[in-house]
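Asks: Pasting a structure here, questions to come.
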Amino acid sequence: MLSHNSTIAMTLVTVCTAIENFNKFSGISLNLLLLYLIAVYSRKSLGTYKYLLFTFACSDVLLTLVHIVINHQIVSVGTTFACIGSTFAESRHFTAIYCSSFTLAFCLSIFNFLYRLFSVKYPHLVSLFSNKFFIALLVMVATSTFFSWYLLCIIGTRGGIDEIGTIVAREVYFLRFGRNLTDGFQVLDHWRDGQFMVREAVVLLVCDAMIISCITFAGALAVICFYHISKADKMSEQSKQLQAKLLKTLCAQTAVPITCVFIPYFTVLTMPFLAIDGGFLNVGCTACISFFPTLDAVVIIWLMTDYREGLKSMIRGKKTSVSAIDHGNTKSHSTGMEMTME
Numbered sequence: 035m036l037s038h039n040s041t042i043a044m045t046l047v048t049v050c051t052a053i054e055n056f057n058k059f060s061g062i063s064l065n066l067l068l069l070y071l072i073a074v075y076s077r078k079s080l081g082t083y084k085y086l087l088f089t090f091a092c093s094d095v096l097l098t099l100v101h102i103v104i105n106h107q108i109v110s111v112g113t114t115f116a117c118i119g120s121t122f123a124e125s126r127h128f129t130a131i132y133c134s135s136f137t138l139a140f141c142l143s144i145f146n147f148l149y150r151l152f153s154v155k156y157p158h159l160v161s162l163f164s165n166k167f168f169i170a171l172l173v174m175v176a177t178s179t180f181f182s183w184y185l186l187c188i189i190g191t192r193g194g195i196d197e198i199g200t201i202v203a204r205e206v207y208f209l210r211f212g213r214n215l216t217d218g219f220q221v222l223d224h225w226r227d228g229q230f231m232v233r234e235a236v237v238l239l240v241c242d243a244m245i246i247s248c249i250t251f252a253g254a255l256a257v258i259c260f261y262h263i264s265k266a267d268k269m270s271e272q273s274k275q276l277q278a279k280l281l282k283t284l285c286a287q288t289a290v291p292i293t294c295v296f297i298p299y300f301t302v303l304t305m306p307f308l309a310i311d312g313g314f315l316n317v318g319c320t321a322c323i324s325f326f327p328t329l330d331a332v333v334i335i336w337l338m339t340d341y342r343e344g345l346k347s348m349i350r351g352k353k354t355s356v357s358a359i360d361h362g363n364t365k366s367h368s369t370g371m372e373m374t375m376e
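Shown next as structure tokens:
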């Protein structure tokens, strides 16, 4: 069934598993460290922006825990694609939860871009991010996006335990990972018995469209923000530079899920439809995805001066706490410009 040398395949599986295990540990450790740095070293002048960063770190911890519990993997054979969740209970619902969980990261990125846009163009609207009704709206948007993707996975894909596509995927999964699973498969079986499966094509089209639209929307917001920074006549040159640096940090942070999650998943999802053998890409996809929470924390710590310097002071054993998280005792319309960056 497999077209690759079994020794090479097993070696690759071993290496990718080791990478995943390392990223599970580092993803939780670094994001817990980031949470501490945000709580202790965020300047009060940073305002509500630190809450967005705090939420990012919390979501990365959650994503890592989801990865640990569900143990997601991908296999494809010919024109059949399958993703599998190996949990304490074999269920397609757990697999769908894993696939849907990454919508949270991108929703947070979009919210972050909105914050930056408000900071540059509409500073009077920044206070919305501390308004409970606006926060409820953002939560509703993120939740709706999650459940939309979840329903697409459950309703749109196949995975019945007796379906041919599931049987084929189950055999490949057993040969590759040495575990025999009965259920928990999300299957897109594009061609079966010479018949083109329209349902799978529609699901693939919707998935790819959602991925591309998310990336495009984030890119458009970034361009708009850079444009307004360059055209801001009432903003000092120093403020422009600081806003541009904050925006570049956000762009670098957003590039992490695009590179580690969306591009790999888009590739392995589309290749079976084109009858292209995914080969080792399928094995490496989950390992690549597992880098996301780790790199996300690294980018924020390294590029945000307060947290980078805070970490240095911790390593040197110096107590240079800037401030604890502001619990709302003072009103802030901060744009985040006051945070020094290099």
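Residue 376 is where the sequence shown ends in this note's numbering, and the numbering goes up by one at each step. Note that beta-carbon positions come from the ideal geometry of N, C-alpha and C, so glycine has one too.
1) Let me make sure I understand the geometry here. Which of 263, 267 and 285 has the alpha-carbon closest to that of residue 275?
2) What separation, rounded to the nearest whole angstrom, lies between the Cα atoms of residue 44 and residue 185?
3) Starting from the C-beta of residue 162, find all residues in its chain whose C-beta is less than 6 Å away, skip the five residues before and the five after it, and write them out in chain order.
4) Taking only runs of the alpha helix (DSSP H) that begin and end inside the stretch 177 to 249, which ones reach a length of at least 4 residues, in chain order?
5) Do the CB positions of residue 115 and residue 221 come within less than 9 Å of each other?
6) Within the same chain, show all residues whose beta-carbon is closer than 6 Å to that of residue 53, passing over the 5 residues directly before and after it, in chain order.
7) How many Å lie between residue 349 and residue 342 at the Cα?
8) Mark residue 76 as exposed unless 16 or more other C-beta atoms lie within 10 angstroms of its C-beta, in which case mark it buried.
9) Could you spell out where the alpha helix (DSSP H) holding residue 289 opens and where it closes?
10) How big is the Cα-Cα spacing for residue 49 and residue 130?
11) Go ahead and pull the three-state DSSP assignment for residue 116.
12) With a threshold of 8 Å, establish whether the CB of residue 230 neighbours any heavy atom of the ligand PLP.
13) Which of the three DSSP states, helix, strand or coil, is assigned to residue 43?
14) Near residue 309, what residues of its chain come up, given a Cβ to Cβ distance below 6 Å and the 5 sequence neighbours on each side ignored?
15) Using CA coordinates, which residue listed in 166, 215, 81 and 205 is at the minimum distance from residue 126?
16) Could you check the C-alpha separation between residue 51 and residue 134 for me, to the nearest Å?
17) What is the residue span of the alpha helix (DSSP H) that residue 101 lies within?
18) Please list, in chain order, all residues of the same chain as residue 42 whose beta carbon is under 8 Å from its beta carbon, the five residues on each side excluded.
19) So what does DSSP say about residue 110, is it helix, strand or coil?
20) For residue 320, which of helix, strand or coil comes out of DSSP?
21) Ignore the nearest five residues each way along the sequence and tell me which others in residue 99's own chain have a CB closer than 8 Å to its CB.
22) Can you give me the C-alpha to C-alpha distance between residue 345 and residue 120, rounded to a whole angstrom?
23) Could you give the DSSP three-state label for residue 49: helix, strand or coil?
24) Going by beta carbon distance, what residues of the same chain come within less than 7 Å of residue 316, once the five residues before and after it are set aside?
Replies: Put simply:
1) 263
2) 34 Å
3) 168
4) 198 to 211
5) yes
6) 321
7) 11 Å
8) buried
9) 271 to 291
10) 26 Å
11) strand
12) No copy of the ligand PLP appears in this structure; indeed no ligand is present at all.
13) helix
14) 113
15) 215
16) 22 Å
17) 83 to 104
18) none
19) strand
20) helix
21) 62
22) 37 Å
23) helix
24) 108, 109, 110 and 302
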